[in-house]
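Letter by letter, the sequence shown follows residues 8 to 232 of my numbering. We put the CB at the ideal spot given by N, CA and C, even for glycine. Only a predicted model underlies this, so the values are computations on that prediction, with no experimental measurement involved.
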Amino acid sequence: MKILIIEDELGLQRSIVQYLMAEGNLCSMASTYAEALERLAVYDYDCILLDLTLPDGEGLQLLNYLKRMNKTEGVIIISARNSIEQKIEGLSLGADDYLIKPFHLSELNARILAVVRRKSAHGERHIEFNEIRIDLDAKEVIVNGKVVYMTKKEFDLLLYFVANKGKVISKSAAVEHIWGDDSDMADSFDFIYTHIKNIRKKLIDAGSKDYFHSVYGVGYKFTDI
8 MKILIIEDEL GLQRSIVQYL MAEGNLCSMA STYAEALERL AVYDYDCILL DLTLPDGEGL
68 QLLNYLKRMN KTEGVIIISA RNSIEQKIEG LSLGADDYLI KPFHLSELNA RILAVVRRKS
128 AHGERHIEFN EIRIDLDAKE VIVNGKVVYM TKKEFDLLLY FVANKGKVIS KSAAVEHIWG
188 DDSDMADSFD FIYTHIKNIR KKLIDAGSKD YFHSVYGVGY KFTDI
């Protein structure tokens, strides 16, 4: 998953990043309101961890920005403010969860997984597309009852396409999803073609139909139509 941590307490920020990256996530950081706004304007994320008190702005204003821009990232507020009024305001503005500092990183991780699951799979622990079943907890791909081995990037990429089935995904969007905010450093999108080629072969070898369709000059679409 791709996660943005908006937190000005650098020690806590580093601890969160180290923990979540060890869990296999891509993490980006912002320590100020301005940095956060810049990242949100350019990139999309699976989940945003949002501190309310920033040195140059108010975290709740970022929730208003996300709402105005019709962005669909999951948002977890992480705050030392423990008032019911603050929780209600944050949740009413579109936050998905509210976690009071201090907290255990394992709890934070569980909350992130729950929010992303609700967003991408309507609360289910798996996603199904015809003969393909993706287990979100075990991070397994199952075709016709048989587990298909995928690398982490292949799993993330397949999940991204299945969650966005029927939509045209540009090569740049696919690169950003599996590379993160450093995607603009890539001098070629050839590796996306290689990943999709490998995923396609593994699925077909397991008895799946080929659902990846190239859209000339743009990218790919995952569909059975």
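Separation of leucine 210 and aspartate 103 (C-alpha to C-alpha, rounded to the nearest whole angstrom) is 34 Å.
Your pair glutamate 96 and leucine 67 checks out as a contact, with CB atoms roughly 7 Å apart and the cut at 8 Å.
Between leucine 59 and isoleucine 23, the gap from beta carbon to beta carbon reaches 8 Å or more. The Cβ neighbour count for arginine 118, taken over all protein chains shown within 10 Å, is at least 16; the residue is labelled buried. Cβ-Cβ distances below 6 Å link alanine 213 to Val150, Lys153, Val155 in the same chain, with the five nearest sequence neighbours on each side left out; the list follows chain order.
With respect to the 8 Å criterion, alanine 48 and leucine 69 are not classified as neighbours on the basis of their beta carbons. Contact annotation, leucine 143 with histidine 133: C-beta distance approximately 6 Å; criterion of less than 8 Å satisfied.
Under the three-state reduction of DSSP, threonine 201 is assigned to helix.
Counted as a single uninterrupted DSSP element, the alpha helix (DSSP H) harbouring tyrosine 72 occupies residues 66-75.
Taking a 10 Å sphere around the C-beta of glutamine 25, we find fewer than 16 other C-beta atoms and assign the residue as exposed. Across the structure, methionine 36 and glutamine 20 are spaced so that their CA atoms are roughly 8 Å apart.
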